[in-house]
Amino acid sequence: MASKPRSREIGERLLGAFLRAGAAEVTPDILQPAETLLDLYGEDIRARAYVTSDPLRGEMMLRPDFTVPVVEAHMAGGAEPARYCYMGEVFRRQDHRGAARANEYLQAGYEVFDREDPEAADAEVFALFARLLAHLRLTSTIGDIGILRAAVEGIDTIAPRKAALARHIWRPRRFHGLLQRYAGITPVPGGRAALLSAGAPEGAPWIGLRSPEEMAARIAVLRADAAAAPIPTEVVAQLDALFALSCPAEEAPARLSALGIAALPPAIARLERRLAAMAARGIDTSALRFEASHGRTTMEYYDGFVFTFTAADPALPPVASGGRYDALTRFLGQGREIPAVGGVIRPGLVADLEAQA
Amino acid sequence: MSAIKLGVPSKGRLMEKTFDWFAERGIRLRRIGSEREYAGAVDGAEKVELVLLSAGEIPRELAAGRIHLGVTGSDLVRDKLADWQTLVEELAPMGFGHADLIIAVPACWADVDTLEDLDAAAHAFRAAHGHRLRIATKYHRLVREFLTREGIADWQLVDSQGATEGTVKNLTAEAIADITSSGETLRANHLKILSDGLIHSSQATLFASRMADWAGLEAPRAALIAQLGV
Numbered sequence: 029m030a031s032k033p034r035s036r037e038i039g040e041r042l043l044g045a046f047l048r049a050g051a052a053e054v055t056p057d058i059l060q061p062a063e064t065l066l067d068l069y070g071e072d073i074r075a076r077a078y079v080t081s082d083p084l085r086g087e088m089m090l091r092p093d094f095t096v097p098v099v100e101a102h103m104a105g106g107a108e109p110a111r112y113c114y115m116g117e118v119f120r121r122q123d124h125r126g127a128a129r130a131n132e133y134l135q136a137g138y139e140v141f142d143r144e145d146p147e148a149a150d151a152e153v154f155a156l157f158a159r160l161l162a163h164l165r166l167t168s169t170i171g172d173i174g175i176l177r178a179a180v181e182g183i184d185t186i187a188p189r190k191a192a193l194a195r196h197i198w199r200p201r202r203f204h205g206l207l208q209r210y211a212g213i214t215p216v217p218g219g220r221a222a223l224l225s226a227g228a229p230e231g232a233p234w235i236g237l238r239s240p241e242e243m244a245a246r247i248a249v250l251r252a253d254a255a256a257a258p259i260p261t262e263v264v265a266q267l268d269a270l271f272a273l274s275c276p277a278e279e280a281p282a283r284l285s286a287l288g289i290a291a292l293p294p295a296i297a298r299l300e301r302r303l304a305a306m307a308a309r310g311i312d313t314s315a316l317r318f319e320a321s322h323g324r325t326t327m328e329y330y331d332g333f334v335f336t337f338t339a340a341d342p343a344l345p346p347v348a349s350g351g352r353y354d355a356l357t358r359f360l361g362q363g364r365e366i367p368a369v370g371g372v373i374r375p376g377l378v379a380d381l382e383a384q385a
Numbered sequence: 008m009s010a011i012k013l014g015v016p017s018k019g020r021l022m023e024k025t026f027d028w029f030a031e032r033g034i035r036l037r038r039i040g041s042e043r044e045y046a047g048a049v050d051g052a053e054k055v056e057l058v059l060l061s062a063g064e065i066p067r068e069l070a071a072g073r074i075h076l077g078v079t080g081s082d083l084v085r086d087k088l089a090d091w092q093t094l095v096e097e098l099a100p101m102g103f104g105h106a107d108l109i110i111a112v113p114a115c116w117a118d119v120d121t122l123e124d125l126d127a128a129a130h131a132f133r134a135a136h137g138h139r140l141r142i143a144t145k146y147h148r149l150v151r152e153f154l155t156r157e158g159i160a161d162w163q164l165v166d167s168q169g170a171t172e173g174t175v176k177n178l179t180a181e182a183i184a185d186i187t188s189s190g191e192t193l194r195a196n197h198l199k200i201l202s203d204g205l206i207h208s209s210q211a212t213l214f215a216s217r218m219a220d221w222a223g224l225e226a227p228r229a230a231l232i233a234q235l236g237v
């Protein structure tokens, strides 16, 4: 493990490069209000972040990442377009042992808020990271959650099913379970069949905050679902093939088109624009991997372009990662929103790899 | 002179059943001294020392390596120890102290029978009430890992160290995750178990610490394990 001064030195070097790329430095507090983070991430963040409390400010968290405070600061009155950078510690609880599982490490990050040309902004962030990390000869992989969302939105079925699938794109097990159910591949559970034929049984007294009206609304949804035609198995096969797609990035548009999913062309066109913008910035897209499911099991705020830079050692976490998080700005902006893309590099891992070279 | 320290629950049925289990295998464990003194003795095994502890503390003592062997619920080890397999080894399930950690919801929720239903109800609940569906439990790690693995969203845990079955009626939670053996307390509190809501089937289990110093104790360990037939 690299020493702290060495990691910090590399962090400063990265921060300097971000400043020269036109970003303004921001320095969010280490103690962040827990409520916003919990509301956004749920129990997932409680398991991963250190929660503490303050008699006046209530429940607080040691900063688990910079993205949320940076977005909050921007939404509270930043000019547009804007580029921000930062460097400092983040803190993560670890449930498993191992050298790669650091509780406290530096992140150097770069975030772009720009409405004009999202694909150009994606390429700008990626190319900047690729240039700063070029000497480490890392493997870079990209994906696009926007393509998955477009595929789900385009399924010819009732809206509640599409909403449920879209909600679970980041939870593959539940997503594919629901898809099989909606396709009639897995049978309807016995209890539900009985409920829909006989209605709710009388007897148990009503307890708890959830109201009888909420139950009635859900039963109506279940009735509409039972009456709807199953999603054709060909569509399930197309989606399965989409989620499994992994190929060199330059082949991705053609491979995606070949799946024959009617709703995909606009999303594929965005991917093509992004790849062209990356190539224009000197990225060799034949050496870049495209994985359709990339980013699906990481945190759910990425909803478009995603990327990672990883070292050869599979035990190491990504040296850098990032992506587009338009929906997060909507969530934190209370009605306002702005397309945003960014990422972080871990200076400690860069230091380790430089020491090995 | 060092000896294998065997941690056993210090009172109640769990202690009696543990003593019986060892006695059936030719090892007599007994408490010595006054009724209130937590001291014990071992007959029928060489270099084994009895340590009487609260069942809830045994996982931590095993993890710290302060005891070599310990009897406790398999649920407690999984819930209290992060990465438990790296800290302790499961030697033998002992066939008593059975209890299931389950998820239960109000019996009046006719539309909720499976985790898939719970997930859908949680989503609608959050939209209607402005906060996530609350699940009361003291088994935070086990419940969180289970719901995450199953891909359930829009829930949160609220801590409940006792009378967990009452939290729904008291409006401090919408569902619970708790230990049950017969299910009677659940029924009395108008709750029902989700059909696929079994998180862990627990029973009293003999564990060996991977963190304790076993140096010089290899022979007594092998002899003890042979005698116990585990």
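Protein sequence lines, in the order shown, are assigned to chains A and B. In this note's numbering, each number is its position in the first sequence, counted from 1, plus 28. In this note's numbering, each number is its position in the second sequence, counted from 1, plus 7. Quick reminder that beta carbons are idealized off the backbone N, C-alpha and C, glycines included.
The Cβ neighbour count for R324(A), taken over all protein chains shown within 10 Å, is at least 16; the residue is labelled buried.
In this chain, the alpha helix (DSSP H) harbouring W28(B) covers 19-30. Interface criterion met: the Cβ of G158(B) is under 8 Å from a Cβ in chain A. Comparing alpha carbon positions, the residue from H102(A), R34(A), D72(A) closest to L154(B) is D72(A). For F132(B), the neighbours in chain A by C-beta distance under 9 Å run, in chain order, L237, R238, E242.
L178(B) reaches chain A at G236, L237, counting residues in chain order whose Cβ is nearer than 8 Å. Nearest to A244(A) by C-alpha distance, out of E300(A), A257(A), G227(A), A256(A), is G227(A). Unbroken alpha helix (DSSP H) stretches of 4 residues or longer found wholly inside the stretch 110-150 of chain B: 122-136, given in chain order. Between G182(A) and R139(B) the beta-carbon gap is near 30 Å, outside 8 Å, which marks them as no contact. Check the Cα spacing between L235(B) and each of R20(B), V55(B), A46(B): the tightest is with V55(B). Counting along the chain, R209(A) sits inside the alpha helix (DSSP H) bounded by residues 200-210.
In this structure, T171(B) places its C-beta atom within 8 Å of the C-beta atom of T144(B).
By the criterion of a C-beta distance shorter than 6 Å, G72(B) is surrounded in its chain by S216, M218, A219, once the five residues flanking it on both sides are discounted. In this structure, the CA atom of I65(B) is about 9 Å from the CA atom of G80(B). Among the residues facing chain B, G323(A) is not included, as its CB has no counterpart in that chain under 8 Å away. In the DSSP annotation of this structure, the continuous segment of the alpha helix (DSSP H) that includes G39(A) starts and ends at 32-48. Three or more beta-carbon pairs drawn from the stretch 198-218 of chain B and the stretch 109-123 of chain B are found closer than 8 Å, and the two stretches are therefore classed as touching. Note on the stretch 169-235 of chain B: whole alpha helix (DSSP H) runs with a minimum of 4 residues are 191-195, 225-235, in chain order. It is roughly 26 Å from the alpha-carbon of A248(A) to the alpha-carbon of I183(B).
The Cβ atoms of A211(B) and K24(B) sit closer than 8 Å to each other. With contacts defined as CB atoms closer than 8 Å, E152(A) and Y112(A) fail to qualify as a contacting pair. Interface annotation, E71(A): in contact with chain B, CB-CB separation under 8 Å. For S225(A), the enclosing alpha helix (DSSP H) stretches over residues 218-226.
Here P56(A) is near F94(A), since their CB atoms are less than 8 Å apart.
Taking the Cα positions, E279(A) is about 10 Å away from S285(A). Restricted to the stretch 80-147 of chain A, the beta strand (DSSP E) segments that are unbroken, complete and at least 3 residues in length are 86-90, 110-119, 132-141, listed in chain order. Chain-ordered listing is empty here: chain B has no CB closer than 7 Å to the CB of L166(A), the nearest sitting near 28 Å. If you draw a straight line from the Cα of M88(A) to the Cα of D82(A), it comes to about 7 Å. Pairing S349(A) with F337(A), the inter-Cα distance amounts to about 6 Å. Comparing alpha carbon positions, the residue from A221(A), R195(A), R238(A), G288(A) closest to E181(B) is R238(A).
Uninterrupted alpha helix (DSSP H) stretches at least 4 residues long and entirely within the stretch 75-106 of chain B occur at 81-87, 91-94, given in chain order.
Counting only residues of its own chain and dropping the five nearest sequence neighbours on each side, G104(B) has a CB closer than 7 Å to the CB of L21, K24, G80, Q210, A211.
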